[in-house]
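Chemist: Pasting in a structure now, in structure tokens, and then I'll have a few things to ask.
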Amino acid sequence: MNHQESLRITIQERLEQGKSVEGILSQLLERAPYTLLDLVFGPQAIQDERFLTAILVFLEDIEELLPLSRIPIDQFYHRLLSLAGSQEAMLIERLLERHFSKDWMVDLLRRFQSGRYVFNHLLFWAENDEEQVLECAAQYVSLGFAAAVEQYAVEKRESEAIFLLLEAGFCEFAARVCVNLIKSEGETYYMERTAAVLGPQFSQFLELCLGCVQRTSELKALDVYLRWYPSLQPVLIKKIKKMERRRKAGGAKAVNRG
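If you want the numbering used here, it's the position in the sequence shown, counting the first as 1, plus 7.
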């Protein structure tokens, strides 16, 4: 049994016993850093979520070893995430803290096909570099993460995301953002620009918006634009009747409960 294998067994035994391995890792980092790197990243890496938790405090030091080992940082973190198990979300959070603005972050998160991580990435961008967040959002839209961008736009009341979604053909997502912004802000200042972008297709977009409307106040806000298109009046009337039926049904339930 070689020294590295002996180390691996010692670390795994301590993890099983619930003992700390930070002392061992600290010594390895000082005396045999590339042995530590192999235990973290190599083909025989320790596959234990508790080990991942232990190495988080050493990430900055381990990253400094990567260039000399010719290990691309995105490949390093992809490997870590593949071993993370239930600690995946915690590692993603640490990644965002350290590297949210790096070009490779978008591609790394894309591989995990998680809208939640994309949403968190966009929020992190907005909190730390608001001017650049839309560029990041545009990349995610192009990769198909329209739902995450919609969620971000609603959360941050970001009307510019409407046009990112429209340009990529995600009209239903853009319509939901519009209606949610009307709900939260009571404003429709972005609708004129939407009309200019869509041209003759604006009426179809308004119909999508109508499908998302849940409140009378939202209908009133859209009314100035609906008047432009008499062809939408039947759709509008149908929506009003549907909302009225829902209101009456809600009132009847309240009476019955009383």
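Heads up, the beta-carbon is just placed ideally off N, CA and C, and yes, glycines get one too.
Predicted model only: the values in this text are computed from it and were never measured.
Return the CA-CA distance between Gly218 and Lys246, expressed in angstroms with no decimal places.
Modeler: 8 angstroms
Chemist: Is Gly25 helix, strand or coil by DSSP?
Modeler: coil
Chemist: Assuming contact is defined by CB atoms lying nearer than 7 angstroms, are Leu115 and Asp136 in contact in what I supplied?
Modeler: no
Chemist: In chain order, what are the residue ranges of uninterrupted alpha helix (DSSP H) at least 4 long that sit wholly in the stretch 42–97?
Modeler: Complete alpha helix (DSSP H) runs here, min 4: 56–62, 66–76 and 80–91.
Chemist: Evaluate the contact criterion for the stretch 137–154 versus the stretch 171–180: three or more CB pairs, one atom per stretch, below 8 angstroms.
Modeler: yes
Chemist: Within the same chain, show all residues whose beta-carbon is closer than 8 angstroms to that of Cys143, passing over the 5 residues directly before and after it, in chain order.
Modeler: Val113, His128, Leu129 and Trp132
Chemist: Would you kindly work out how many angstroms separate the C-alpha atoms of Gln208 and Pro50, rounded to a whole number?
Modeler: 54 angstroms
Chemist: Helix, strand or coil for Asp230, going by three-state DSSP, please let me know.
Modeler: helix
Chemist: Decide if Thr223 is buried, meaning its Cβ has at least 16 other Cβ atoms within 10 Å, or exposed.
Modeler: exposed
Chemist: Are the CB atoms of Val186 and Val220 within a distance shorter than 7 angstroms?
Modeler: With contacts defined by Cβ atoms closer than 7 angstroms, Val220 and Val186 form a contacting pair.
Chemist: Between Gln120, Glu134, Leu103 and Thr201, which lies nearest to Ala153 when the distance is taken from Cα to Cα?
Modeler: Gln120
Chemist: Taking Gly193 as the reference, which of Glu20, Arg164, Arg200 and Ile169 has the closest Cα?
Modeler: Ranking Glu20, Arg164, Arg200 and Ile169 by Cα distance to Gly193 puts Arg164 first.
Chemist: For Leu32, does the count of other Cβ atoms within 10 angstroms reach 16, so buried, or fall short, so exposed?
Modeler: buried
Chemist: Over what stretch of residues does the alpha helix (DSSP H) that includes Ala5 continue unbroken?
Modeler: Residue numbering for the chain in the displayed model covers 8 to 265; residue 5 lies beyond these limits and cannot be assessed.
Chemist: May I ask which residues mark the beginning and end of the alpha helix (DSSP H) holding Ala154?
Modeler: Per DSSP, the continuous alpha helix (DSSP H) segment holding Ala154 begins and ends at Ala153 to Lys163.
Chemist: Count the other CB atoms within 10 Å of the CB of Val262; is the residue buried (16 or more) or exposed (fewer)?
Modeler: A caution first: Val262 carries a pLDDT of 48, below 50, which makes its placement in the model unreliable, though a value can still be read off. Burial call: exposed.
Chemist: Which residues bound the alpha helix (DSSP H) around Val140?
Modeler: Val140 to Ser149
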